[in-house]
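Reading through the C-alpha cells given below for one structure.
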C-alpha cells in the first residue's frame, strides 16, 4: 500500500500512465496485429525527443525563465555539417560525431555568452542564436541532401535485442543524466539554483559556471540528436529540427519536471516522449482528419497536464 | 529652531496622556491594550495609545521595538490579536484600512508606495476614490498641486510626470503631499514613518513647518524618525517604545537628546554574558573591505558586530564581503567565507529539498569524491549536526518546510558551521528565533570563535551586538564608528547610530 502511495505521488507516473493508455487504445483498434511494430516505432521516434528533452530539462531545472530555444537549429546544423564532413565515408564516422559535439559546445557557449554578457533573458538570447545557427545551416547545406555513411544509416534504423539502437543510446544518455542529477554535486547545484538563485549564491555555489555548463550540455545533446536523426532519416533536411522546439519543452512539462525549476525527472521524459508519439499514431489509426488530429492532440496534452498538476510534491 | 518651542500645548493636561475625561476632545484613534505576535515574536505586548486632535506624537525606539506594528494597527492594516480600537469615542468591532481612511487616517510609509508607472495625477486618483467620474484628471491635478504647493512651496514637480521618472526625494515629497491632500475626506491623522529619510535638510524643514501648521490647526500627526532633533523640535508628546511596549510617554519639553537615547535602551539591563575581552592584537587579519567611511577589518577568531539602524548598509557590507571571496564561475575547494541568511525565504532555504540536502549543500565539496556525493558521509554529517544543535525532527529526509522557523534557522547555521570556511558572515540570523535556540547558538559561536573562526555578525538585537569583541556602527551606508571591548555598550551604539555623522 505504501508502495502504491509512493508511486502515485511520483511525478513521472502520469506520463507513463497516459502513454500506456494510448498504446493500449491503439492496439485494441488494430486487434493486436502490429503490437511489436508499434512499440518499436514508438521507441525509435521517442528516442530523439528523449535525448533533446533531457537537455532541455536540465536547462528548465535552472529556474524560471531558463529555456533553450536554439535546440532545433542546433540539431539541423549539427546534422548538416556532420553529414557533409562524413560524405558517405564510413571511416569518417568518428570525426563527424566529434564535429557535431563541437558544434553543440559552440552553440551552448554562444547562448550563455549572450545571456550573461548582454544580460538578455534566455528566451530571447537562445532565439537569436537560433537564427544565426539556422542561417549557418542554410549556408552549409545549400539544398544538397547528402546521404549518411552506410554503417550509420543501418545502425540507426536497426534493432539490438529487440530494441531500436537509437532507443538504447537514449537509455544510456538517460541513465547518465539521472546519475548526474541524483548523485553528483553538479546535480545538487542546478537543483539549488532552480529553487533560489540568491540562496544558491550565498551557499557558495558557482552559479554562472553551473549555468554555463548546463546550457552547453543541452546544446551538445541537441547536436547529438541532430546527428542521429540525420542518419536515421537518410540525410539532413533544413527543417528537421523544427518539430523538436515545442516537443522538447512539452516532454519536460508532461514528464513532471517542475516548470518553475529546481525539480527534474528523467523517467517522466520517457513516458512523455512515448506518449507524444503514440497519441499521433493512435489518432492516425482511427483515421481522423488532420485538423481533428491536431485539436485532439492538444486536448489530450492539456488533460494529462491537468491530471499531473493535481499531485502533491513529496519530499526530495 | 529652539527645541520644544512649538506645538499647541497648554490646552491639554499632559499628566495622564492616555486617560480620557469629559472636557477633553475625543481621541481620533485610541488603541487599548493591543497585542500582536508574529510566531514567537511579540511585536506588540499590550500597547495603549490615544491620538487626540491637535497633537503631534513623536514615536521613537530601536528597530523591532514595535513602532511599525502599532502604526499598522492604527491605520487599519493589521488587526491586533487582542485589545480594542476606538475612534472618536466609539469602540469599533470592524476596523480596517478603508474604515481608517474614511475617518481621515493617512499614512506615509517607509517604503514608498506609489505606482511608478503612473503619473502623479493618476496616483492621486487611486488614493482618493471620491475623485472618480468624468473629468477626474482635472480634479486630481488640482488636489495634488494644492497640497504640494502647501507642503513644499516652490517644489517644481510637474504633476503629469510619471512617478518612476521622479528622483527618490521628489517621490517622497509627492507621497507626503498625497497624505496631506484633501479630496472630500479631510486628513485628520497623518502618520509619517521616516518621512525625511530621503529629503535634504531644507525640504525636511519645509515639511516639519507644515506639520506644525497642520497640528496647530487641529490636525494630528504621528511622527516616526530616527533623527531625534526632528522629533524634539516638532512633536508635542514623545512616546518611546521598546520590545513591543511603551516605556515612556511624556511631553516633548521634558525630553532631551540624551534622555531619549537612554530611554530607548534597556530598561532592565540584561544579564551581561559578554565574554572576557581577549587579546587579539597579534591575530592576523583574515578579511577586509574598504569603501565609504571607515574600512572594515576582521581578525582571526574575532567576533565582529555590525550595528546601527536597519537598512543602513550592513547587509550590503556582508554581500560585498561574500562576493569578494567567492567565485561565480569556478567551484572552490577551500571556501573562504560562508553565510548564514536572516531572510530565510529570500536567500536561505531551498524549499523543495529535505532537511539533509539543505544542510549539506554548503559542504558538498568535502562530502564528495570526484563530484559524486558520498551519501553515507552526508547522512553521517547530517546526524552529527542534528545532535549537536538539536534540530527537532523525526527524520532528516523530511522537507525543510516541515520545520518551525527557528529550526530552519538552525539548519542554516549547521550548513554554515559545518563548512571549513574560516569566516562566517551572519545576516541578522536570529530574527524570529526563540530564546532557547538563541542561547544554544551563542554558545556555539563562542566555542568556534575560540577555536579560531571569525564571525561577522549583523544583528538588529542589542543583546547580540553586545556579545561581539568589536562593533562597527553603520549609518547611511558607511561605517561611522568603531567600538571595541568595554566600549561596546548599548548607549554608545545607539548614540553612534543616531548621531553618527556628527560623532
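Protein chains in written order, with my numbering: chain D, 54 to 369; chain R, -8 to 494. Think of the CB as a built atom: it goes at the ideal place given N, C-alpha and C, for glycine as much as any other residue.
Contact between residue 409 of chain R and residue 372 of chain R holds, since their C-beta atoms are separated by about 6 Å, short of 8 Å.
DSSP lists no beta-bridge partner residue for residue 144 of chain R. Around the CB of residue 312 of chain D, fewer than 16 other CB atoms lie within 10 Å, so the residue is classed as exposed. In terms of Cβ geometry, residue 17 of chain R and residue 74 of chain R do not form a close pair [threshold 7 Å]. Around the beta carbon of residue 98 of chain R, a 10 Å sphere encloses 16 or more other beta carbons of the protein chains shown; the residue is thus reported as buried. Neighbours of residue 248 of chain D across chain R, judged by C-beta separation under 8 Å: 341, 342, 343, 344.
Runs of the alpha helix (DSSP H) spanning 4 or more residues and lying entirely within the segment 27 to 80 of chain R occur at 58 to 65, in chain order.
Any Cβ of chain R closer than 7 Å to the Cβ of residue 259 of chain D would place that residue at the interface, and such an atom is present. At least one CB of chain R lies nearer than 7 Å to the CB of residue 251 of chain D. Under the DSSP assignment, residue 188 of chain D falls in the alpha helix (DSSP H) whose first and last residues are 175 to 194.
Residues are counted here when their Cβ sits less than 7 Å from a Cβ of chain R; for the segment 215 to 246 of chain D these are 236, 237, 238, 239, 241, 245, given in chain order.
Close to residue 313 of chain R, with beta-carbon spacing below 7 Å, are these residues of chain D in chain order: 255. In the DSSP assignment, residue 323 of chain R falls outside any alpha helix (DSSP H) and carries neither an H nor an E. With 16 or more other Cβ atoms from the protein chains shown falling within 10 Å of its own Cβ, residue 292 of chain R counts as buried. The continuous alpha helix (DSSP H) containing residue 163 of chain D extends over residues 146 to 170. Residue 451 of chain R is not bridged by DSSP to any residue. Annotation: residue 340 of chain D is outside any beta strand (DSSP E) and is labelled neither H nor E by DSSP. Membership of residue 361 of chain R in any beta strand (DSSP E) is not indicated, and neither H nor E is assigned to it by DSSP. Inter-residue distance for residue 84 of chain R and residue 76 of chain R is about 8 Å (C-alpha atoms, whole angstroms).
For residue 279 of chain R, the uninterrupted beta strand (DSSP E) segment begins and ends at 276 to 280. Put simply, the CB of residue 318 of chain R is near chain D, with a gap under 7 Å to one of its CB atoms.
Counting along the chain, residue 277 of chain D sits inside the alpha helix (DSSP H) bounded by residues 260 to 285. Counting C-beta atoms within 10 angstroms of its own C-beta, residue 75 of chain D has 16 or more neighbours from the protein chains shown and is therefore classed as buried.
The CB of residue 125 of chain R never comes closer than 8 Å to any CB in chain D; the least such distance is about 41 Å. Following the DSSP letters along the chain, one finds residue 417 of chain R inside the beta strand (DSSP E) bounded by residues 414 to 418. At a cut-off of 7 Å, the C-beta of residue 342 of chain D has no neighbouring C-beta in chain R. Cα atoms of residue 288 of chain D and residue 210 of chain D: separation of roughly 13 Å, rounded to the nearest angstrom.
Residue contact with chain R for residue 315 of chain D: present (Cβ-Cβ distance below 7 Å to some residue of chain R).
Going by C-alpha positions, residue 328 of chain R is about 41 Å away from residue 303 of chain D. Across the set R/169, R/185, R/472, R/157, the C-alpha of R/169 shows the shortest separation from the C-alpha of residue 137 of chain R. What residue 352 of chain R touches in chain D, judged by beta-carbon distance under 7 Å, is 241, 245, 256, going in chain order. Within chain D, the residues whose beta carbon sits less than 7 Å from that of residue 337 of chain R are 251, listed in sequence order. Assignment of beta-bridge partners to residue 294 of chain R by DSSP yields R/446.
In the three-state reduction of the DSSP assignment, residue 139 of chain D falls in the helix class. The beta carbon of residue 190 of chain R sits closer than 8 Å to those of 160, 163, 164, 198, all from its chain and outside the five residues before and after it, given in chain order. Contact of residue 415 of chain R with chain D is not assigned, every C-beta pair being separated by 7 Å or more.
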